[in-house]
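This note's numbering puts the first residue of the sequence shown at 217, with every later residue one more than the last.
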Amino acid sequence: MTIKTLVLTLLALLGAVHAGAEEFTPKAYMKAVMTASPSLKRAEQTFLKAEADYRAALLDAALPSFNFSMADSFYDQDRHNLHFDKGDATSVLSASLNLYDSASSPLSRIKTARLSYESARLTLLNAKQAEALKALRRFYDLYSAQRKIEIARNNLASRERQYKDTNEQFESGTRSKIEVTQSEGDKLQSELALAQAEVSAAKALMSFNELIDADPDAPQGVQLTSAAVEVKLPLPRADVARALENNYGLRLRRSALERTGITVRNALRSDLPRLKVDADWNKYNTGIFGTRGGAWREGQTYGVGATLNFPFGFLGAQNLLDAGGQKASLKAAELELEDAVRALKTEVLTRQKDIELQVKSKQLLEFQVKALKATTDNLLSEYSLGGASSLQLDSSQTKYLDASNSQIAAVNDLDLALAAYRALLGEPIWE
């Protein structure tokens with residue numbers, strides 16, 4: 217199969233793909249990816265579990281816990297044979313409620329559960345952010361690949377026109393055989409470039425379909441609903457404060473630090489005299505399930521009691537060592553958060569500089585593409601009249617091709633950089 221035949225076959229396949237393709241916008245694709253993502257579903261299940269744990273902690277702190285137990289003796293000193301009589305079984309229904317615990321109060325357990333719930337929520341948001349960014353990269357990979365096919369096709373048309381003009385001028389004696397050979401080689405190289413662009417688009421399509429759990433070769437189309445967002449430079453320095461307040465990763469670290477603080481404080485209080493106040497109620501011989509019973513008012517005990525416990529090691533040395541270790545772990549967590557804050561400040565400002573450079577690069581490439589297109593068109597006209605040299609035209613066509621591809625990459629990179637920057641500021645980019 218010749219390169220030309222291969223190109224024509226790929227073009228026919230591409231036409232068939234586009235004919236049956238579903239059109240995706242960036243937001244529509246992100247939504248489809250997030251719906252199909254297994255990792256996101258796992259994060260959602262973790263969040264649901266944390267939510268259930270939080271509600272259970274609220275009920276545990278506000279309501280008493282109940283317990284029902286039954287007991288019977290199959291063998292004792294009075295009856296020396298194995299026996300079972302449900303009328304001899306005893307039963308106890310009891311309820312208890314912790315009113316106060318100096319080391320681990322109900323309120324601290326509620327707060328710990330709330331922080332675990334908040335951590336799970338932030339972890340879910342982080343997972344959504346990561347999945348949305350991955351989807352956006354796959355979207356632009358396919359969009360870029362499809363655009364580059366158009367550019368390669370236009371370049372091939374330009375080379376074919378040049379080859380035709382060269383042959384006609386060779387027949388009239390104004391071009392040499394070397395120029396014909398060179399022009400044919402350029403045309404063949406353009407055919408190969410188009411074939412390579414087609415293969416890249418096929419690979420990008422497979423990666424695109426992977427995230428939405430579609431068949432690898434299922435036809436898809438991508439479209440941008442608007443041009444690249446115009447960026448006002450310089451980006452505001454106040455974005456640093458926004459990131460420090462809203463960044464999901466940093467908020468997750470703060471939540472973890474607060475939870476560590478509660479754990480450490482409870483551990484330290486456990487090394488001190490521990491005071492607990494509990495309310496208890498018991499009902500014996502309930503008569504439930506055929507067990508021995510009696511009047512409901514009989515066999516009841518209830519009360520509110522306090523216990524004071526002081527666990528200590530040898531002369532309190534173990535308590536002191538444990539307290540020192542707990543304080544050190546809390547300090548380490550605080551320093552880790554401080555390090556994350558510094559890194560985030562630097563990252564925001566670094567991203568700002570990168571975006572500024574990408575905006576300028578995009579503007580320059582837009583100018584270069586327009587200028588090189590005009591130059592190439594003029595040289596093609598001159599070449600067809602026998603004026604411009606093949607070297608001039610080849611150089612201009614090559615520069616125009618490279619600049620056009622670079623322009624697509626610059627636009628895509630800028631859009632992706634802006635999305636990643638919004639994610640850094642804690643904005644949900646999938647909305």
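For every residue, glycine included, the Cβ atom is placed at its ideal position computed from N, Cα and C.
Keep in mind the model is a prediction, meaning the values are calculated, not measured.
- Our two residues, Gln345 and Asn498, have alpha carbons roughly 52 Å apart in a direct line.
- Between Ser332 and Ala266, the CB-CB gap stays under 8 Å.
- The C-beta of Lys364 has 16 or more other C-beta atoms within 10 Å across all chains shown, which makes the residue buried.
- One thing to note: Tyr616 has its Cβ no nearer than 8 Å to the Cβ of Asp381.
- In summary, Thr592 is buried, with 16 or more beta-carbon neighbours lying within 10 Å of its beta-carbon over all protein chains present.
- About 5 Å separates the CB atoms of Leu609 and Leu595; that is less than 8 Å, so the two are in contact.
- In the DSSP assignment, the residues bridged to Leu491 are Leu524.
- In this structure, Arg369 keeps its C-beta atom at 8 Å or more from the C-beta atom of Leu427.
- The beta-carbon separation of Ser307 and Ser285, rounded to 7 Å, stays under the 8 Å limit for a contact.
- Per DSSP, Ala434 is not a residue of any alpha helix (DSSP H), being assigned neither H nor E.
- Residue pairing of Trp497 in beta bridges, as defined by DSSP: Ala311 and Tyr518.
- Under the three-state reduction of DSSP output, Phe284 falls in the strand class.
- In the three-state reduction of the DSSP assignment, Glu643 falls in the coil class, being assigned neither a helical nor a strand state.
- Two segments are said to touch when three or more pairs of C-beta atoms, one from each, lie closer than 8 Å; by this definition the region 469-478 does not touch the region 268-283.
- Contiguous beta strand (DSSP E) elements confined to the region 323-365 do not occur, taking only those with 3 or more residues.
- Distance between Val585 and Ser622, taken at the CA atoms: about 9 Å.
- Under the DSSP definition of a beta bridge, Gly503 lacks any partner.
- Straight across, the Cα-Cα distance linking Glu550 with Asn482 is about 17 Å.
- Of the residues Ala418, Gln439 and Leu440, the one whose Cα lies closest to the Cα of Asp431 is Ala418.
- Excluding five sequence positions before and after Ala287, the CB atoms of its chain that fall closer than 6 Å to its own CB belong to Thr306, given in chain order.
- Just so you know, the alpha carbons of Lys243 and Trp646 end up roughly 6 Å apart.
- For Ser620, the CB contacts under 7 Å within the same chain, skipping 5 residues up- and downstream, are Ile367 and Val585 in chain order.
- With 16 or more neighbouring CB atoms inside 10 Å of its own CB, Leu358 falls in the buried class.
- The beta-carbon distance between Asn314 and Asp494, rounded to whole angstroms, is 5 Å. This is short enough to meet the 8 Å contact definition.
- Rounded to the nearest angstrom, the gap between the Cα atoms of Leu524 and Ser253 is 52 Å.
- Here DSSP, grouped into helix, strand and coil, assigns Phe240 to strand.
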